[in-house]
Amino acid sequence: MERTFVMIKPDAVQRKLIGKIVQRLERKGLKLVGAKLMTVPQSLAETHYGEHKERPFYNDLIAFITSAPVFAMVVEGEDAVNVSRHLIGATNPTEAAVGTIRGDLGLTVGRNVVHGSDSVESAEREIALWFDEAELSTYALPEDVWVYE
Ligand SMILES: Nc1ncnc2c1ncn2[C@@H]1O[C@H](COP(=O)(O)OP(=O)(O)OP(=O)(O)O)[C@@H](O)[C@H]1O
Ligand SMILES: [Mg+2]
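For the sequence shown, the working numbering gives the first residue as 4, with consecutive numbering after it.
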């Protein structure tokens with residue numbers, strides 16, 4: 004079973020979209036195994052988005068992500084990284100398919116509602132960065148037998 008890191012960004016928290024976004028992940032069959040509302044420390048934001056350090060939008064991105072609370076999550080399920088990226092949609096909400104989180108709930112790339120790890124390696128790195136092991140729960144759900152063969 005795969006795990007990935009998904010973060011509801013400050014824009015969506017302020018727009019009171021946490022419940023709607025969590026519902027989209029849950030209704031797909033993904034299982035929440037960790038979640039917390041938090042204001043992101045500068046150092047965590049810089050480490051998380053380290054790969055974008057040289058990009059022109061980097062400073063705005065760090066300022067935005069630290070500007071108000073985010074809702075950080077670890078979700079688990081079959082092919083969770085790919086599945087959650089598909090649910091989230093393309094980086095630019097104007098190009099994200101209708102039916103995706105960004106396609107339905109966002110309008111601009113700098114306010115694109117949610118983050119999801121882009122590979123299994125990124126997911127492992129980001130989960131370790133954002134969560135302590137004790138904050139993650141392994142548990143069974145009765146409906147698991149109806150989600151998986
Ligand atoms: N051209 C851009 N202008 C402004 N912001 C951008 C631009 N490209 C990316 N960003 C911001 O930086 C974030 C990280 O970009 P990345 O290329 O990793 O896209 P992503 O993997 O789809 O998004 P995320 O990592 O947040 O899930 C984007 O989600 C977006 O908020
Ligand atoms: Mg990314």
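Beta carbons are placed, not taken as given, at the ideal position from N, Cα and C, and that holds for glycine. Computed from a predicted model, the values in this text were never measured in an experiment.
Cutoff 7 Å; reference residue i; Cβ partners in own chain excluding five residues on either side
{"i": "Leu139", "result": "Val36, Gly37 and Val77"}
{"i": "Val150", "result": "Gly32"}
{"i": "Asp14", "result": "Arg114 and Val116"}
{"i": "Val16", "result": "Ala71, Pro72, Val73 and Phe74"}
CB-CB length for residue i against residue j, believed under 8 Å
{"i": "Val73", "j": "Ser122", "result": "In fact, because the Cβ distance is near 21 Å, the residues do not count as touching under 8 Å."}
{"i": "Ala66", "j": "Lys39", "result": "Actually they are not in contact, since the Cβ atoms of Ala66 and Lys39 sit about 22 Å apart, beyond 8 Å."}
Same chain, Cβ closer than 6 Å to residue i, neighbours up to 5 away in sequence not counted
{"i": "Gly109", "result": "Pro96, Asn115 and Val116"}
{"i": "Ile21", "result": "Ile11 and Phe74"}
{"i": "Glu129", "result": "Phe8 and Ser120"}
{"i": "Glu79", "result": "Met4, Arg6, Lys34 and Val36"}
Neighbourhood of residue i by C-beta, 8 Å cutoff - its chain only, sequence neighbours within 5 removed
{"i": "Ile104", "result": "Ile24, Arg27, Leu90, Ile91, Gly92, Val116 and Val117"}
{"i": "Glu29", "result": "Leu35"}
**Request:** Answer yes if the segment 50-64 comes into contact with the segment 82-99, meaning at least three C-beta pairs across the two stretches below 8 Å, and no otherwise.
**Result:** no
**Prompt:** What residues does ligand 2 have around it, judged by CB closer than 7 Å to any heavy atom, in chain order?
**Reply:** His118 and Asp121
**Prompt:** Fully enclosed by the segment 43-125, which beta strand (DSSP E) runs are 3 residues long or longer?
**Reply:** 73-80 and 117-119
**Message:** For the structure I just gave you, are there three or more beta carbon pairs, one from the segment 41-51 and one from the segment 92-107, closer than 8 Å?
**Reply:** no
**Prompt:** Is there contact here, the segment 6-18 with the segment 114-121, by at least three beta-carbon pairs under 8 Å?
**Reply:** yes
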